[in-house]
């Protein structure tokens, strides 16, 4: 009779445990990323009343006679399958579609969770707002830009760190240059400085010493003139003395005459205070002029950092412009012209002007060639970049004109010229304005200057046996002796931003478990009741 009581009691106990687990599952039916559990039973050790016997030649064998002593909880296993994902629209909500776990650090150790309801704390760290545990990162994303500290694996959201401006280093061009257009233009360059004297526009009789743009000129001061002729021949540097032999200042007309002597095939003049050099004939031209001031004392005379090309000379011309950025992130408008040369299937690119206080050190890309089928054939000239100088160091800008034999950049076909600037890689400084997360777990920031940058890569871990993880409560797990060590290798799944994982509790199944637990409890209670009644009958026999 004792074994009957023991079996009944054990039945009550295990079904109470079953009810505990079922109740906990139902209580967490709306807990984000909750993983349901189930209980498995096994029988307890049996008492053997008679051992089994082997069959003989004359009689058969007999089975053992055993009486069980009850039931026990064999295991409580957790269902680690993924719950369905729900969209929340919150950019810092994240769900994992796969087997991975977010890795957080609570200040003492790493913990693991499927709940990606993150927020940003007062120190700009990405955290679980319910506990303050910091989300961990992997890789080097964000380190080079100063968003993440090399020595820390905590993810910091750099709302307090500006994105440094980037000077333009590369420009791409794409589109067609007309193969059949013939519309010669006349090369015209201008000083870009409106020379005045006593707030009046100068004429040829104005003394150089009277210029508003000059001060403290002394004997020995001079202008050094140079440049290139129409055919590209370099002009040797030529000194123009500002004072004549008697010590009198020369005039603007004298300066024009000196320039004219260097350019016999051009007309040199003044227009609204600007020095102009215009070719006498239309067509392909490399006419350019440089002018620098050299002082024998402390005098000054403003001269052009470069002569602007008002009209580029070519057999045909396609003008373009785009904004580039200097080292401080200030936008400057760069104007350039593609000019058809006298050589078949060949064009040049010449920088006509750039806004701001910039100096063009080199300005022409010679020999942009095309094949007979109109595809890009490369650059035959020495330069594939040009140099400008403004704030800071010299800024060299490289051109991407396409792939040789391809049509992915420039081409030369019949019809209109359609060339336009494409991408340029410079930008102004900016501040972080919004965040998003990619499927690979990389946090990407959009800055106020329109630039996107990788902020950090969220660390995901996987386990050989995730069911072996130990629950810490608060949606956290930690490793156990049977979970295996965490690894970031292999496929952890994809991260879905603006989403959270729902509980994987199956409500219908849990209701069935409730009924089963209730039935099991009732029948074991009945066993105890019947055994009690039998004991009572036995006692009554004695009376």
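Residue numbers (our numbering): 4 to 546. Backbone N, C-alpha and C define an ideal beta-carbon position, used for all residues, glycine too.
- Assignment of residue 156 by DSSP, reduced to helix, strand and coil, places it in the coil class.
- The C-beta distance from residue 127 to residue 94 rounds to 15 Å, too long to fall under 8 Å, and the pair is not in contact.
- When beta bridges are read from the DSSP output, residue 291 appears opposite 231.
- Burial is judged here by how many other beta carbons sit within 10 angstroms of a residue's own beta carbon; residue 518 has fewer than 16 and is exposed.
- Per the coordinates, the alpha-carbon of residue 252 lies some 32 Å from the alpha-carbon of residue 358.
- Of 69, 185 and 63, the smallest CA-CA separation from residue 51 is found for 69.
- Sorting 219, 238, 222 and 98 by C-alpha distance to the C-alpha of residue 228 places 238 at the top.
- Within the same chain, and ignoring the five residues on either side of residue 513 in sequence, the residues whose Cβ sits closer than 7 Å to its Cβ are 25, 28 and 29.
- Here residue 467 is exposed, its C-beta having fewer than 16 other C-beta atoms within 10 Å.
- Proximity of the segment 181 to 191 to the segment 412 to 423 meets the contact definition, three or more beta-carbon pairs being nearer than 8 Å.
- For the segment 414 to 439, the full-length beta strand (DSSP E) segments reaching 3 residues or more read 423 to 427 along the chain.
- Looking at the backbone, the Cα of residue 220 and that of residue 255 are separated by about 15 Å.
- In the DSSP assignment, residue 97 falls outside any alpha helix (DSSP H) and within the unbroken beta strand (DSSP E) covering 96 to 100.
- Following the DSSP letters along the chain, one finds residue 500 inside the beta strand (DSSP E) bounded by residues 497 to 500.
- DSSP, reduced to helix, strand and coil, places residue 541 within a helical segment of the structure shown.
- Going by beta carbons, residue 107 and residue 138 fall inside the 8 Å limit.
- Remark: C-beta atoms of residue 265 and residue 245 do not approach each other more closely than 8 Å.
- Inter-segment contact for the segment 493 to 503 and the segment 99 to 106 is present: three or more beta-carbon pairs are separated by less than 8 Å.
- Separation of residue 175 and residue 81 (C-alpha to C-alpha, rounded to the nearest whole angstrom) is 57 Å.
- In this structure, the straight-line span from the alpha carbon of residue 354 to that of residue 241 is close to 24 Å.
- With respect to the C-alpha of residue 151, the residue from 458, 464, 527 and 471 having the closest C-alpha is 458.
- Comparing alpha carbon positions, the residue from 520, 317 and 216 closest to residue 303 is 216.
- In the DSSP assignment, residue 244 is bridged to 225.
- DSSP, reduced to helix, strand and coil, places residue 85 outside both helices and strands of the structure shown, so it counts as coil.
- In this structure, the straight-line span from the alpha carbon of residue 435 to that of residue 330 is close to 20 Å.
- For residue 264, the uninterrupted alpha helix (DSSP H) run begins and ends at 255 to 265, by DSSP.
- Rounded to whole angstroms, the Cβ separation of residue 412 and residue 177 is 5 Å, and the two are in contact under 8 Å.
- In this structure, residue 451 sits away from residue 327, with a CB-CB distance that is not shorter than 8 Å.
- Membership of residue 53 in the beta strand (DSSP E) is indicated by the continuous run 50 to 53.
- Judged by DSSP in its simplified three-state form, residue 68 adopts strand.
- In the three-state reduction of the DSSP assignment, residue 488 falls in the coil class, being assigned neither a helical nor a strand state.
- Our two residues, residue 11 and residue 530, have alpha carbons roughly 6 Å apart in a direct line.
- In this structure, DSSP gives residue 532 a helical state, which the three-state scheme calls helix.
- In summary, residue 426 is exposed, with fewer than 16 beta-carbon neighbours lying within 10 Å of its beta-carbon over all protein chains present.
- According to DSSP, residue pairing for residue 447 in a beta bridge involves 439 and 457.
- For residue 296, the three-state secondary structure derived from DSSP is strand.
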